[in-house]
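Novice:
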Amino acid sequence: MRLSKTFVKTLREAPKDEAAKNAQLLIRAGYIHKEIAGVYDYLPLGLRVIEKIKQIIREELNAIGAEEMQLTALQNPELWKKTDRWDDQKMDVWFKTELAAGGELGLAPTHEEPVTNLLRDYVSSYRDLPVLVYQFQTKFRNELRAKSGIMRTREFLMKDLYSFTTDEEDHKRIYAEVEGAYKRIYDRLGIGEDTYETFASGGVFSKYSHEYQTLLPVGEDTVYYNSDKSVVLNKEVMEPEVLKDLGVTEGELSEDRGAEVGNIFTLKYKYSEPLGLKYQSNEGASETVFMGCYGIGVSRVLGVIVEKYADDKGLVFPEAVAPYKYYLLAMGEQGSKRAEEIYEQFKDKDEMILDDRDARFGEKMGDSELLGIPYRVIISDRTLETGEVEITNRRTGETQRVSIDKFVASL
Ligand code: ATP
Ligand code: MG
């Protein structure tokens with residue numbers, strides 16, 4: 189990508205009404221744009237990070253046999269009435285709208301109802317199960333507060349996976365496979381070491397759900413943990429009975445802040461029963477399908493990565509999700525010529541930003557840091573005297589001189 193060709197510009201200051209570090213930095217660096225409170229656009233760089241996060245999730249879910257699809261954002265109220273979730277008292281985050289021809293529609297805050305209803309057309313026998321389907325979808329939630337930047341928004345991207353099995357036993361097998369996939373996903377996203385599977389409230393249909401909480405000072409949730417016993421729980425389930433279940437006492441727990449990056453649930457028959465998703469068993473009996481659901485907040489994950497890695501110079505991205513790997517910065521006539529050649533030679537790999545703007549060197553240096561690209565590569569008349577480039581690791585700040593041939597061979 190040539191910086192001279194993109195319409196996006198870095199900004200010296202973030203909007204005054206933007207309180208969260210993640211959104212401030214992403215706006216200044218030109219990754220996102222703010223529409224209104226809790227509603228953000230993804231610009232080319234931001235979208236590339238989102239796509240990389242999605243691809244990691246996709247690879248790990250496909251590896252456990254899940255199939256990707258895409259449901260609609262517009263919702264039929266009739267389905268949600270059957271599960272008693274259309275009522276604003278029961279589900280307080282609805283955005284609702286109306287058809288021109290009359291009648292209500294909803295903008296999906298989640299997708300249990302439509303996916304369960306859809307499968308009624310395809311599942312009839314035990315031979316049709318299990319089914320494991322997922323999507324990346326925009327969710328709409330009328331959140332009361334939106335103060336955490338892209339970590340809590342009114343329109344956001346979620347990965348939601350749903351499992352449909354004949355019984356609890358097969359459900360448990362799949363649940364454990366998803367847990368494995370989630371561990372690999374958070375590891376690859378660069379937040380694995382701070383992300384814990386946490387006991388949280390599961391609602392009426394099962395005792396607990398598991399949340400994935402990334403420990404973070406600006407996280408909205410309060411969590412309690414005991415590293416020796418590897419127990420982490422959300423404050424919302426901090427009750428004597430739960431502590432007894434988990435084999436810890438209150439005194440053994442320390443408090444911390446967490447950001448919920450995922451949540452997995454055993455749904456049992458909560459949606460399949462009222463929506464009538466049934467199958468015929470081996471013995472010919474009509475049985476209700478057993479369900480689970482598994483979410484990851486894709487756009488929230490981006491916010492968490494930013495919060496975790498950013499420093500006083502700007503964004504810092506782990507290589508796996510960085511929009512580009514290299515930021516090529518040229519200086520002097522020879523340096524610029526050589527940088528152009530290298531960029532042209534490797535532009536198809538699409539991992540390089542060439543800062544070919546007509547700007548001061550200091551400004552380019554500043555932006556190379558603000559953008560958080562893992563490696564800055566300086567090619568100048570001076571480095572070329574010894575046939576070298578200067579490579580700086582954005583995260584550690586370490587600078588190395590490497591021969592230009594060796595650098596090119598590594599691309
Ligand atoms: P929270 O408790 O933070 O409001 P939730 O428990 O209501 O979230 P889920 O229904 O479990 O959210 O949704 C799955 C995932 O989607 C969450 O774990 C979170 O990562 C993400 N998510 C939920 N609400 C938002 C939001 N308003 N903005 C961005 N991401 C969100
Ligand atoms: Mg949740």
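Here the sequence shown is numbered in my numbering, starting from 189 and rising by one per residue. For each residue, glycine too, the CB sits at the ideal point set by N, CA and C.
1. What residue range does the alpha helix (DSSP H) around threonine 304 cover?
2. For ligand 2, is there any heavy atom lying closer than 6 Å to the beta carbon of asparagine 451?
3. Looking at C-beta atoms only, is the number of pairs between the segment 243-262 and the segment 321-338 that lie closer than 8 Å three or more?
4. Who are the near neighbours of tyrosine 457 in its chain, counting only those whose CB is closer than 6 Å to its CB and skipping five residues on each side?
5. Is the beta carbon of methionine 479 closer than 7 Å to that of aspartate 455?
6. Can you tell me whether DSSP reads lysine 284 as helix, strand or coil?
7. Looking at phenylalanine 344 and ligand 1, is the gap between the Cβ and the nearest heavy atom below 6 Å?
8. For ligand 1, I want to know if glutamate 532 counts as a neighbour, meaning its beta carbon is within less than 6 Å of at least one of the ligand's heavy atoms.
9. In chain order, what residues of the same chain have a beta carbon less than 6 Å from the beta carbon of asparagine 330, not counting five sequence neighbours either side?
10. Given glycine 234, which residues of its chain have a CB within under 6 Å of its CB, disregarding the five upstream and five downstream residues?
11. Going by C-alpha to C-alpha distance, which of Glu201, Ala518 and Val489 sits closest to phenylalanine 505?
12. Helix, strand or coil for methionine 479? Go by DSSP, reduced to three states.
13. I'd like the list of long-range same chain contacts for leucine 572, defined as Cβ closer than 7 Å, with 5 residues on each side in sequence excluded.
14. Among His398, Thr341, Glu529 and Met339, which residue has its Cα nearest to the Cα of tyrosine 363?
15. So is arginine 340 buried or exposed if we call it buried at 16+ other beta carbons inside 10 Å?
16. Helix, strand or coil: how does DSSP classify glycine 450 here?
17. In terms of residue numbering, what span does the beta strand (DSSP E) encompassing arginine 564 cover?
18. Just tell me which of Phe352, Leu191 and Leu214 has its CA closest to the CA of alanine 498.
19. According to the neighbour-count rule (16 or more other Cβ atoms, all chains shown, within 10 Å of its Cβ), is leucine 421 buried or exposed?
20. Would you kindly check if the distance between the Cβ of tyrosine 482 and the Cβ of leucine 349 is under 7 Å?
21. Can you tell me whether glycine 523 is helix, strand or coil according to DSSP?
22. Among Gly575, Met519 and Ile579, which residue has its Cα nearest to the Cα of glutamate 551?
23. So within the segment 525-563, which uninterrupted beta strand (DSSP E) runs reach at least 3 residues, ignoring any that extend past its ends?
24. Can you tell me whether DSSP reads glutamine 212 as helix, strand or coil?
25. Given 6 Å as the limit, tell me if arginine 273 has its C-beta closer than that to any heavy atom belonging to ligand 1.
26. Nearest to glutamate 427 by CA position, among Leu377, Phe387 and Ser556, is which residue?
27. Are glycine 407 and arginine 445 closer than 7 Å when you measure CB to CB?
28. Evaluate the contact criterion for the segment 427-436 versus the segment 458-470: three or more CB pairs, one atom per stretch, below 8 Å.
29. Output the boundary residues of the beta strand (DSSP E) element that contains lysine 466.
30. Counting pairs of beta carbons, one from the segment 576-587 and one from the segment 223-231, are three or more of them closer than 8 Å?
31. Among the candidates Glu248, Glu495 and Val492, whose CA atom is the shortest distance from the CA of valine 147?
32. Since leucine 295 and leucine 287 should fall inside the 8 Å C-beta cutoff, what is the C-beta to C-beta distance between them, to a whole number of angstroms?
33. Look at the alpha carbon of glycine 450 and the alpha carbon of lysine 371, and state the distance between them as a whole number of angstroms.
34. Applying the 10 Å Cβ sphere with the 16-neighbour rule, what's the burial state of aspartate 538?
35. Over what stretch of residues does the beta strand (DSSP E) that includes glutamate 248 continue unbroken?
36. What's the gap between the Cα of proline 462 and the Cα of arginine 273?
Specialist: This is what the structure gives:
1. Here residue 304 corresponds to residue number 116 of the sequence shown, with the count starting at 1. That run of the alpha helix (DSSP H) goes 300-307.
2. If you number the sequence shown from 1, residue 451 lands on position 263. True, at least one ligand heavy atom lies under 6 Å from that Cβ.
3. yes
4. As a working mapping, residue 457 is identified with position 269 in the sequence shown. Around tyrosine 457: Thr476.
5. As a first step, residue 455 must be located in the sequence shown, where it is residue number 267. As a first step, residue 479 must be located in the sequence shown, where it is residue number 291. This sequence places leucine at residue 455; aspartate is not what is there. Taking 7 Å as the Cβ cut-off, leucine 455 and methionine 479 qualify as a contacting pair.
6. The sequence position of residue 284 within the sequence shown is 96, counting from 1. The answer is strand: DSSP assigns lysine 284 an E or B state.
7. Mapped onto the sequence shown, residue 344 falls at position 156. Flag set: Cβ of phenylalanine 344 near ligand 1.
8. If you number the sequence shown from 1, residue 532 lands on position 344. Because no heavy atom of ligand 1 lies under 6 Å away, the Cβ of glutamate 532 does not count as near it: no.
9. Mapped onto the sequence shown, residue 330 falls at position 142. Counting only Cβ-Cβ distances below 6 Å, and skipping sequence neighbours, we find Val281 and Phe283.
10. One-based indexing of the sequence shown puts residue 234 at position 46. So the list reads Tyr219 and Ile220, once near-sequence residues are dropped.
11. The residue labelled residue 505 in the question sits at position 317 within the sequence shown. Ranking Glu201, Ala518 and Val489 by Cα distance to phenylalanine 505 puts Val489 first.
12. What you label residue 479 is simply residue 291 of the sequence shown in a count that begins at 1. DSSP places methionine 479 in strand when its eight states are reduced to three.
13. Sequence index remark: in the sequence shown, residue 572 carries index 384 (1-based). The residues are Gln522, Gly523 and Arg526.
14. By 1-based counting over the sequence shown, the position of residue 363 is 175. Answer by Cα proximity: His398.
15. Walking along the sequence shown from the start, residue 340 turns up at place 152. Burial call: buried.
16. Stepping through the sequence shown from its first residue, residue 450 is reached at position 262. The answer is strand: DSSP assigns glycine 450 an E or B state.
17. In the sequence shown, residue 564 corresponds to position 376, counting from 1. Counting along the chain, the beta strand (DSSP E) containing arginine 564 begins and ends at 563-568.
18. Here residue 498 refers to the residue found at position 310 when the sequence shown is read from its first residue. The residue with the shortest Cα to Cα distance from alanine 498 is Leu214.
19. Position 233 of the sequence shown, counting from 1, holds the residue named residue 421. Classification of leucine 421: buried, given that the 10 Å Cβ count is 16 or more.
20. Here residue 349 corresponds to residue number 161 of the sequence shown, with the count starting at 1. Here residue 482 corresponds to residue number 294 of the sequence shown, with the count starting at 1. Closer than 7 Å, so yes.
21. In the sequence shown, counting from the first residue as 1, residue 523 sits at position 335. The answer is helix: DSSP assigns glycine 523 an H, G or I state.
22. The count along the sequence shown starts at 1 and reaches residue 551 at position 363. Ranking the options by Cα distance to glutamate 551, first place goes to Met519.
23. 540-543
24. Your numbering for residue 212 matches position 24 in the sequence shown. Helix at glutamine 212.
25. Numbered from 1 along the sequence shown, position 85 holds the residue referred to as residue 273. Result no, Cβ not under 6 Å from ligand 1.
26. By one-based count along the sequence shown, residue 427 stands at place 239. The residue with the shortest Cα to Cα distance from glutamate 427 is Phe387.
27. Counted from its first residue, the sequence shown places residue 407 at position 219. Counted from its first residue, the sequence shown places residue 445 at position 257. Contact flag set, yes.
28. no
29. What you label residue 466 is simply residue 278 of the sequence shown in a count that begins at 1. Note, lysine 466: beta strand (DSSP E), 466-468.
30. no
31. The question about residue 147 has no answer, for the chain in this structure spans 189 to 599.
32. Sequence index remark: in the sequence shown, residue 295 carries index 107 (1-based). Sequence index remark: in the sequence shown, residue 287 carries index 99 (1-based). The Cβ separation is near 13 Å, so there is no contact.
33. Position 262 of the sequence shown, counting from 1, holds the residue named residue 450. Position 183 of the sequence shown, counting from 1, holds the residue named residue 371. Approximately 11 Å between the Cα atoms of the pair.
34. Working through the sequence shown from its first residue, we reach residue 538 at position 350. Classification of aspartate 538: exposed, given that the 10 Å Cβ count is below 16.
35. Numbered from 1 along the sequence shown, position 60 holds the residue referred to as residue 248. Not the beta strand (DSSP E): glutamate 248 falls in the alpha helix (DSSP H), residues 232-251.
36. Sequence index remark: in the sequence shown, residue 462 carries index 274 (1-based). Sequence index remark: in the sequence shown, residue 273 carries index 85 (1-based). Taking the straight line from one Cα to the other gives about 11 Å.
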